[in-house]
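Enquirer: So the sequence lines, in the order shown, correspond to chains A and B.
Oh and the first sequence: position 105 is 113 in this note's numbering, straight run, nothing missing.
Oh and the second sequence: position 85 is 93 in this note's numbering, straight run, nothing missing.
Every residue gets a Cβ at the ideal spot worked out from N, C-alpha and C, and that includes glycine.
I'd like to ask some things about the structure below.
2 protein chains.
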Amino acid sequence: MSSYDVKQEVTDKYSLRGRVFHKLRDDILNGKYEEHEELKEVTIGEELGVSRTPVREAFRQLELEGLIQIIPNKGAYVTGITEKDVKDIYMIRSLLEGLCARWATEHITKEQLEEMEENVYLAKFHASKGHMEQIAELDNRFHEILYEACNSKMLEHQLRDFHAYVLRVRRKTLANQVRGAASNEEHEKIMEAIKAGDADGAEKLAHLHMINAYENMGKTGLHEVYENNRTISET
Amino acid sequence: MSSYDVKQEVTDKYSLRGRVFHKLRDDILNGKYEEHEELKEVTIGEELGVSRTPVREAFRQLELEGLIQIIPNKGAYVTGITEKDVKDIYMIRSLLEGLCARWATEHITKEQLEEMEENVYLAKFHASKGHMEQIAELDNRFHEILYEACNSKMLEHQLRDFHAYVLRVRRKTLANQVRGAASNEEHEKIMEAIKAGDADGAEKLAHLHMINAYENMGKTGLHEVYENNRTISET
DNA sequence: CCTCGTATAATTGTATACAATCATACGAGG
DNA sequence: CCTCGTATGATTGTATACAATTATACGAGG
């Protein structure tokens, strides 16, 4: 295994900067801040007990993620995430996950396919037992495998970003046991298409999988997640 | 006009950090560095006459853009961009530009449509005169208008990123006069579909527009752009 | 000769000091 | 009373100093 194979989180969680980054990101996604609220470097630093340096670096990253907007020499302002944003992300993801499944069909390795089968099998077990935490974990992993299997650094990168973006929302969704089982069945169908080398089928199924996830979320998850978040009223 | 309407480049170009960011980004995209080459904060800083602080901040952003990989306490390593990456981006963009055109059909304002008409008209003029620089500029702007018109912060953000990513490649491509004219004709068709409220048509045409742009690039532009870039040999 | 541990150097991570810029308040002038 | 300019404070931008971590070299021990 070459050193290039080392998988690295985009931002490490154990540096001060990493902690600031993840904290702020979670807080913003959770709606702790108002839209357009100003984030001051010293204030955030004091709250987390760190200096301005790691805070500033975290700000730069959050800006690229689109969560805050930095106006030079002025300040950092929260962009927030609205219900419409989530919907848009799912629409975008539905296209990209489809493309990902298509490419995965063409490039998946034997090892990845085996892990996928194990994943689906395990998820079926946990679904029957109602182990929601494990199901969420396996669901994450299933998509990760797809991302890795598509053999496209660019697409993998994009999807991972989006995935993280809606992770919180999605986890809530899967807490719905019925959807958890249905979701896994869709995973299985996608896997079967990939196994059969049916790229068109895999693309369509992955696309549908995202639509279903969103539709279900609209019915059960979205409201809870964004309660106490005033941005919801604006969509 | 509310303060929220202020359009701001994602990273300002006039701070030291901004300059470092854009310089490194250009250098990486131009293939100045080997893949996996290590970037040292002090070295880069000395070359540009700045301290480590702005360099570090630029590094964090480049990491999120996927151009370098930072291993904590170790170093920053160039990821590079291969010919396959460019191809993947065009495939991804072809989907997203399609979606963008669809949404733009539903949300475009009168002012945006007017600017778009002016854009196409002007481009036709410059194409007849062979003013390549202006054509490239107008082509940029046409897509920018589409991004703004789609009324989706998320999609706009994504497409802007990709657009910037392949800007260098695309500019070279448009230097081909024939393609410049053909590209503008495609713009016009997309605009007509949007004007007619034909979302399906707009989506299909925008999709095709990207495919054509890529195909043409494969024939004329890509090689020139990546000559002297060893990453090309890996694809 | 090889292996392992320690010392040393190089590099990144963080904190702080200082410079530049922007926002606000206040007062002079009309 | 209003307007504009200036002074002051607050905040960001950058440089530097110091701490922590990692890589390398070298020598002791087997």
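Could you tell me which whole beta strand (DSSP E) segments of length 3 or greater appear in the segment 72-146 of chain A?
Expert: Qualifying beta strand (DSSP E) stretches, in chain order: 76-79 and 83-86.
Enquirer: B/A214 and B/A109 look like a contact to me (Cβ under 8 Å); what is the Cβ gap, rounded to whole Å?
Expert: Stepping through the second sequence from its first residue, residue 214 of chain B is reached at position 206. Stepping through the second sequence from its first residue, residue 109 of chain B is reached at position 101. Rounded, the Cβ-Cβ distance is 4 Å, consistent with contact.
Enquirer: Just checking my contact of B/M124 with B/M225 at CB under 8 Å: how many whole Å lie between their CB atoms?
Expert: On the second sequence, position 116 is the one that residue 124 of chain B refers to. On the second sequence, position 217 is the one that residue 225 of chain B refers to. B/M124 to B/M225, Cβ: 24 Å. No contact.
Enquirer: Using C-beta distances below 6 Å, list every residue in its chain close to A/H134, excluding the 5 sequence neighbours before and after it, in chain order.
Expert: Your numbering for residue 134 of chain A matches position 126 in the first sequence. Counting only Cβ-Cβ distances below 6 Å, and skipping sequence neighbours, we find Q142 and I143.
Enquirer: Give me, in chain order, the residues of the same chain whose beta-carbon lies closer than 7 Å to that of B/C158; leave out the 5 immediate sequence neighbours on both sides.
Expert: Numbered from 1 along the second sequence, position 150 holds the residue referred to as residue 158 of chain B. C108, W111, A112, H115 and E164.
Enquirer: With A/A66 and A/F29 assumed to form a contact (beta carbons below 8 Å), what rounded beta-carbon distance in angstroms separates them?
Expert: By 1-based counting over the first sequence, the position of residue 66 of chain A is 58. By 1-based counting over the first sequence, the position of residue 29 of chain A is 21. Indeed they touch by this definition, with Cβ atoms about 4 Å apart.
Enquirer: Residues in the segment 45-65 of chain B with C-beta within 8 Å of chain A's C-beta atoms, listed in sequence order?
Expert: Correct list: T61, R64 and E65.
Enquirer: Keeping to the same chain, check which residues put their C-beta closer than 8 Å to that of A/E194; ignore five residues upstream and five downstream.
Expert: Mapped onto the first sequence, residue 194 of chain A falls at position 186. Closer than 8 Å at the Cβ level, and outside the excluded window around A/E194, lie L213, L216, H217 and N220.
Enquirer: Would you please verify whether the beta carbon of A/H165 is less than 8 Å from any beta carbon of chain B?
Expert: Reading the first sequence from its first residue, position 157 is the one you call residue 165 of chain A. By this cut-off, A/H165 is an interface position.
Enquirer: Would you say A/I76 reaches chain B, if we count a Cβ-Cβ gap shorter than 8 Å as a contact?
Expert: To locate residue 76 of chain A, count along the first sequence from 1; it is residue 68. By this cut-off, A/I76 is not an interface position.
Enquirer: So which residues of chain A does B/I97 contact, with C-beta pairs closer than 7 Å?
Expert: If you number the second sequence from 1, residue 97 of chain B lands on position 89. Near B/I97 (Cβ distances below 7 Å), the residues of chain A are M162.
Enquirer: Measure how close the beta-carbons of A/R33 and A/L70 come, nearest whole angstrom, since I'm counting them as under 8 Å.
Expert: By one-based count along the first sequence, residue 33 of chain A stands at place 25. By one-based count along the first sequence, residue 70 of chain A stands at place 62. Between A/L70 and A/R33 the Cβ distance is about 6 Å, and since that is below 8 Å, they are a contact.
Enquirer: Run the CB neighbour count on B/S59, radius 10 Å, all protein chains shown included, and call it buried at 16 or more, exposed below.
Expert: As a first step, residue 59 of chain B is located in the second sequence; it is residue number 51 there, counting from the start. Exposed, because fewer than 16 other Cβ atoms sit within 10 Å of the Cβ of B/S59.
Enquirer: Can you give the beta carbon distance from A/I36 to A/L75, rounded, assuming they're within the 8 Å contact cut?
Expert: Looking up residue 36 of chain A in the first sequence gives position 28. Looking up residue 75 of chain A in the first sequence gives position 67. Between A/L75 and A/I36 the Cβ distance is about 5 Å, and since that is below 8 Å, they are a contact.
Enquirer: Looking only at its chain, what residues have a beta carbon closer than 8 Å to the beta carbon of B/S23, apart from the 5 residues adjacent to it on each side?
Expert: To locate residue 23 of chain B, count along the second sequence from 1; it is residue 15. If we look at B/S23 and ignore the five residues flanking it on each side, its Cβ neighbours are P62.
Enquirer: If you reduce the DSSP assignment to three classes, tell me which class A/E156 lands in.
Expert: Start at 1 with the first residue of the first sequence, and residue 156 of chain A comes out as number 148. Helix, per DSSP.
Enquirer: Are the C-beta of A/L104 and some C-beta of chain B separated by less than 8 Å?
Expert: On the first sequence, residue 104 of chain A is found 96 positions in, with the first residue counted as 1. Answer yes: the Cβ-Cβ gap between A/L104 and chain B drops below 8 Å somewhere.
Enquirer: Should B/D96 and A/S160 be called a contact, given that it needs their Cβ atoms to be closer than 8 Å?
Expert: Against the second sequence, residue 96 of chain B aligns to sequence position 88. Against the first sequence, residue 160 of chain A aligns to sequence position 152. Taking 8 Å as the Cβ cut-off, B/D96 and A/S160 qualify as a contacting pair.
Enquirer: With C-beta atoms as the reference, is B/V186 less than 8 Å away from B/V94?
Expert: As a working mapping, residue 186 of chain B is identified with position 178 in the second sequence. As a working mapping, residue 94 of chain B is identified with position 86 in the second sequence. No, they are not a contact pair.
Enquirer: Note the first and the last residue of the continuous alpha helix (DSSP H) segment covering B/Y222.
Expert: Within the second sequence, numbered from 1, the residue matching residue 222 of chain B stands at position 214. Note, B/Y222: alpha helix (DSSP H), A207 to N224.
Enquirer: Count the other CB atoms within 10 Å of the CB of B/T90; is the residue buried (16 or more) or exposed (fewer)?
Expert: Residue 90 of chain B sits at position 82 when you count from the first residue of the second sequence. Answer is buried; the Cβ neighbour count reaches 16.
Enquirer: According to DSSP, simplified to helix, strand and coil, what is B/E46?
Expert: On the second sequence, position 38 is the one that residue 46 of chain B refers to. Strand, per DSSP.
Enquirer: If B/E45 sits next to B/V86, beta carbons under 8 Å apart, how far is it from one beta carbon to the other, in whole angstroms?
Expert: In the second sequence, residue 45 of chain B corresponds to position 37, counting from 1. In the second sequence, residue 86 of chain B corresponds to position 78, counting from 1. Indeed, because the Cβ distance is near 5 Å, the residues count as touching under 8 Å.
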